[in-house]
Amino acid sequence: MQVSDALVDLQVSVSRERLALANFVRSSGPVGNWNAVVQEEAARLQRSLEESERTLQQVVRAAARTEDQVRELRHALMRRAAITLAKENPDSAV
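What follows is the structure, given as structure tokens:
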């Protein structure tokens, strides 16, 4: 399936936000030990990720006519984004 570079860029952005949140949580230690500042930053990162994911979902649904096309487009985007991210950082697993 052909996907536009703009859609791939949006998927890459969402993937980066997801990774940033995961890295933040991992580096901040057990959730029970978080202070208010760390909790606020985690919440901000989570809200940003959720908004980006909603935007991506809306764009994908607008670009596809059927649920099968939505699934196919999502898979194509994830593949292209994974390739892009792997090229940017070949030492890490995406």
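Numbering of the sequence shown is given in the working numbering, commencing with residue 441 and proceeding in unit increments. Here a beta-carbon is modelled for each residue, glycine too, at the ideal position from N, C-alpha and C.
First and last residue of the alpha helix (DSSP H) that includes R458?
Indexing the sequence shown from 1 puts residue 458 at position 18. Counting along the chain, the alpha helix (DSSP H) containing R458 begins and ends at 445-467.
Around the C-beta of S467, are 16 or more other C-beta atoms found within 10 angstroms, so that it is buried, or is it exposed? Here residue 467 refers to the residue found at position 27 when the sequence shown is read from its first residue. So S467 counts as exposed.
| said: With a threshold of 8 Å, are at least 3 pairs of Cβ atoms found where one atom belongs to the stretch 448-462 and the other to the stretch 510-521? | reply: yes
Next on the checklist: Spatial neighbours of V500 within its chain, please: C-beta separation below 8 Å, excluding the five flanking residues on both sides.
Outcome noted: Taking the first residue of the sequence shown as 1, we reach residue 500 at position 60. Excluding positions up to five away in sequence, the list reads L447, V510, L513, R514, L517.
Endpoints, alpha helix (DSSP H) assigned at V510:
Locating residue 510 in the sequence shown gives position 70, where the first residue counts as 1. Segment 507-528, the alpha helix (DSSP H) holding V510.
Requested in this report: Work out the CA separation of A503 and V471 for me, nearest whole Å.
Outcome: Translated into the one-based positions of the sequence shown, residue 471 becomes position 31. Translated into the one-based positions of the sequence shown, residue 503 becomes position 63. Rounded to the nearest angstrom, the two C-alpha atoms are 39 Å apart.
According to the Cβ coordinates, are E507 and S488 closer than 9 Å? The residue given as residue 507 occupies position 67 in the sequence shown. The residue given as residue 488 occupies position 48 in the sequence shown. No, Cβ-Cβ distance for E507 and S488 is not below 9 Å.
Item to check | Coarse secondary structure for N475, derived from DSSP in three states | outcome: Translated into the one-based positions of the sequence shown, residue 475 becomes position 35. Correct three-state label for N475: coil.
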